[in-house]
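S.K.: Protein sequence lines correspond, in order, to chains A and B.
Just so it is clear: in the first sequence, position 132 is 136 by our numbering, and no numbers are missing.
Just so it is clear: in the second sequence, position 75 is 79 by our numbering, and no numbers are missing.
C-beta: ideal position from N, C-alpha, C; glycine also.
None of the values given here were measured: they were computed from a predicted structure.
Sharing a structure here in structure tokens format.
Protein chains: 2
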Amino acid sequence: MHLHGFFRSSSAYRVRIVMAMKGLSYDQSFYVLRRGDQRQPDYLKLNPQGYVPTLRLDDGSILTQSLAMIDYLEETHPEPAILPKDPLDRARVRAFALAIACDIHPVQNLSVLNAVRKLGHGDAEVNDWARRVNQQGLDACEAMLAGTKGPFCFGDKPTLADICLVPQLFNARRFGCDLSGWTRLLEAEAECMKLPAFTDTAPERQPDAE
Amino acid sequence: MHLHGFFRSSSAYRVRIVMAMKGLSYDQSFYVLRRGDQRQPDYLKLNPQGYVPTLRLDDGSILTQSLAMIDYLEETHPEPAILPKDPLDRARVRAFALAIACDIHPVQNLSVLNAVRKLGHGDAEVNDWARRVNQQGLDACEAMLAGTKGPFCFGDKPTLADICLVPQLFNARRFGCDLSGWTRLLEAEAECMKLPAFTDTAPERQPDAE
């Protein structure tokens, strides 16, 4: 398989974690988002949205959207599972993951920050936008874990929830969030960071890291 | 089951469609988003993100995030299926749905438009933001359907893709998008609108419609 990505893309990081957890091998190509590599015509043929990541399967099939790729990998390589078996437990893990993947990440990605900039706002206001989205979003995620058992987000194994959380926390730190209220989130992150699937795939360990 | 929603919420509309397709009965309560009903303390206990919809199951369990609810309903009430059986086909349907649920809807919802307004922009600029997000996002969705068979987004049955598309097209019209390039999207919508599961659950048919 071949992953079109970027070291700092938190959605590409999610896919790298799942590949590593499931022991799947792949090669990568890298797109410098600030330079607009992902908007070049050849890439748009693969991914009409102009976002990373894109996954090419061994038969040439193309998948877009990190969570769709991850569901595909879970269905075709079920072990180790990243979703619980019980439908209600699955729904809770998915809801947490979607709270990040829908309501935090896309509202603070580069294209949205560029749109804020285009409205006439400078670095401080743009960073404040990104910080606020991460702060409010992850505050809600912390509340979603009230009453759940650790050390991971949902129990004693990493799930899709942790796979979305860890990359988002990289962004939260980059934008200067106040992490002090995030007891359960940081507990889950610390547990993940004992696992090579999370550390080997981290942004700063990628070949295109700046 | 009980659905906490709002007639115009496109994510609540997705859940209403799935409930109707699967023949499930539920009652509803309604939240006026512009009045901030979804930010009241009692509701935040159910849904720490402060968004609609929230689904209460018959045993009292609470689910948030429309796509997590829909996966739960698909897993517990599999007929009629809203996802294909083949993992690759499923991934394509999911990618289309996520292109809407992650990259369009949350970037034009009320809280983001309020954030643009707070930066000092008036009605015209706020509407332009929402229009642009829908236009660019749905242009990409049209491109994602190139080469697929109709009349629905992915073949001869409605899937999760159509269930996300139809509510989003309501928003696109409301914000004044140019629909002329959306041949396949409008074909799929027209086919959906022959089905009571899509028409009976439409925003203007809800008890709280203004």
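Please report the residue range of the beta strand (DSSP E) in which B:I66 lies.
M.R.: Looking at the DSSP string, the run of the beta strand (DSSP E) that includes B:I66 is I66 to T68.
S.K.: Check whether the region 147 to 163 of chain B and the region 79 to 96 of chain B are in contact - that is, three or more C-beta pairs closer than 8 Å.
M.R.: The region 147 to 163 of chain B vs the region 79 to 96 of chain B: in contact.
S.K.: Can you tell me whether DSSP reads B:L28 as helix, strand or coil?
M.R.: B:L28 falls in the coil class under three-state DSSP.
S.K.: Against chain B, with Cβ distances strictly below 8 Å, would A:Q44 count as a contact?
M.R.: No, A:Q44 lies away from the interface with chain B (no Cβ there is under 8 Å from its Cβ).
S.K.: Kindly indicate which residue of A:V56, A:F34 and A:T58 has the alpha-carbon position closest to the one of A:D212.
M.R.: Measuring from the Cα of A:D212, the nearest candidate turns out to be A:F34.
S.K.: Note the first and the last residue of the continuous beta strand (DSSP E) segment covering A:T58.
M.R.: Counting along the chain, the beta strand (DSSP E) containing A:T58 begins and ends at T58 to R60.
S.K.: Hey, is B:M25's beta-carbon within less than 8 Å of any beta-carbon in chain A?
M.R.: Chain A contact via Cβ: absent.
S.K.: Just to make sure I have the definition right: I need the residues of chain B whose C-beta is within less than 7 Å of the C-beta of A:A147. Which are they?
M.R.: Per Cβ cutoff of 7 Å: P52.
S.K.: Helix or strand or just coil, what does DSSP make of A:G9?
M.R.: It is a strand residue.
S.K.: Which residues share a DSSP beta bridge with B:S33?
M.R.: Bridge partners of B:S33: B:H8.
S.K.: Enumerate, from N- to C-terminal direction, the unbroken alpha helix (DSSP H) stretches of 4 or more residues contained entirely within the region 131 to 195 of chain B.
M.R.: Whole alpha helix (DSSP H) segments, 4+ residues: 164 to 178.
S.K.: Could you tell me whether the region 189 to 201 of chain A touches the region 185 to 194 of chain B, where touching means 3 or more Cβ pairs closer than 8 Å?
M.R.: Verdict: no, contact absent.
S.K.: At 8 Å on the CB atoms, spell out the chain B contacts of A:V111, in chain order.
M.R.: Residues of chain B passing the Cβ test: P110, V111 and V116.
S.K.: Could you name the residues of the region 55 to 87 of chain B whose beta carbon sits closer than 8 Å to any beta carbon of chain A, in the order they occur along the chain?
M.R.: Under the 8 Å Cβ criterion, the region 55 to 87 of chain B contributes Y55, L61, S65, L67, T68, Q69, L71, A72, M73, D75, Y76, E79 and T80.
S.K.: I'd like to know if the region 16 to 31 of chain B and the region 51 to 69 of chain A are in contact, where contact means that at least 3 CB-CB pairs between them fall below 8 Å.
M.R.: Counting Cβ pairs under 8 Å, fewer than three are found: no touch.
S.K.: How would you list, in chain order, the residues of chain B whose beta-carbon sits under 8 Å from the beta-carbon of A:A144?
M.R.: Correct list: P52, Q53 and G54.
S.K.: Tell me which residues share the same chain as A:E204 and place their Cβ nearer than 7 Å to its Cβ, disregarding the 5 neighbours each side in the sequence.
M.R.: First, the residue type needs correcting, since residue 204 of chain A is Asp and not Glu in the sequence shown. Counting only Cβ-Cβ distances below 7 Å, and skipping sequence neighbours, we find A24.
S.K.: Between B:L67, B:L169, B:V19 and B:K122, which lies nearest to B:N138 when the distance is taken from Cα to Cα?
M.R.: Checked all of B:L67, B:L169, B:V19 and B:K122; the closest Cα to B:N138 is B:L169.
S.K.: Please go through the same chain and pick out, in chain order, the residues whose beta-carbon is closer than 7 Å to the beta-carbon of B:V22, but skip the five residues on each side of it.
M.R.: Correct list, in chain order: I74, L77, I86 and I167.
S.K.: Closest Cβ-Cβ distance between A:H125 and chain B: below 8 Å?
M.R.: So yes, A:H125 belongs to the interface.
S.K.: Thinking C-alpha only, which one of B:L7, B:G124, B:E79 and B:L71 is nearest B:I104?
M.R.: Here the closest residue by C-alpha is B:L71.
S.K.: Reducing DSSP to helix, strand and coil, say where A:D212 ends up.
M.R.: It is coil, neither helix nor strand.
S.K.: Since B:S14 contacts B:H109 with CB under 8 Å, what's their CB separation in whole angstroms?
M.R.: Contact holds; Cβ gap of about 6 Å.
S.K.: Assign A:V19 to buried or exposed, taking buried as 16 or more other Cβ atoms, counted over all protein chains shown, within 10 Å of its Cβ.
M.R.: That one is buried.
S.K.: Which class does A:D204 belong to by DSSP, given the choice of helix, strand or coil?
M.R.: In the structure shown, A:D204 sits in coil (DSSP, three-state: anything other than H, G, I, E or B).
S.K.: Three-state secondary structure (DSSP) at B:N118?
M.R.: If DSSP states are grouped into helix, strand and coil, B:N118 belongs with the helices.
S.K.: Please report the distance separating the alpha-carbon of B:N131 from that of A:E191.
M.R.: Roughly 41 Å separates the two Cα atoms.
S.K.: The region 178 to 198 of chain A: which residues have C-beta closer than 8 Å to a C-beta of chain B, in chain order?
M.R.: Listed by position, the residues of the region 178 to 198 of chain A near chain B (Cβ gap below 8 Å) amount to none.
S.K.: A:T152 to A:Q42, Cα distance in whole Å?
M.R.: Distance between the alpha carbons of A:T152 and A:Q42 is about 39 Å.
S.K.: Within the continuous alpha helix (DSSP H) that includes B:A101, where are the two ends?
M.R.: Residues P91 to A105.
S.K.: Using the Cβ count rule (16 or more neighbours within 10 Å means buried), how would you classify A:N118?
M.R.: Counting Cβ neighbours within 10 Å, A:N118 comes out exposed, since fewer than 16 surround it.
S.K.: At 7 Å on the CB atoms, spell out the chain B contacts of A:A105, in chain order.
M.R.: Here the neighbours are C106.
S.K.: List, in order along the chain, the chain B residues whose C-beta lies closer than 9 Å to that of A:A2?
M.R.: Chain A is shown only over 5 to 214; residue 2 of chain A falls outside these bounds and no answer can be derived.
S.K.: By how many angstroms is the C-alpha of B:P52 removed from the C-alpha of A:M1?
M.R.: Residue 1 of chain A lies beyond the stretch modelled for chain A, which goes from 5 to 214, so this question has no answer here.
S.K.: Out of B:F174, B:F179, B:R178 and B:L189, which one is the CA nearest neighbour of B:A206?
M.R.: The option with the nearest alpha carbon to B:A206 is B:F174.
S.K.: Measure from the C-beta of B:R98 to each C-beta in chain A and report whether the shortest distance is under 8 Å.
M.R.: With 8 Å as the cut-off, B:R98 counts as an interface residue toward chain A.
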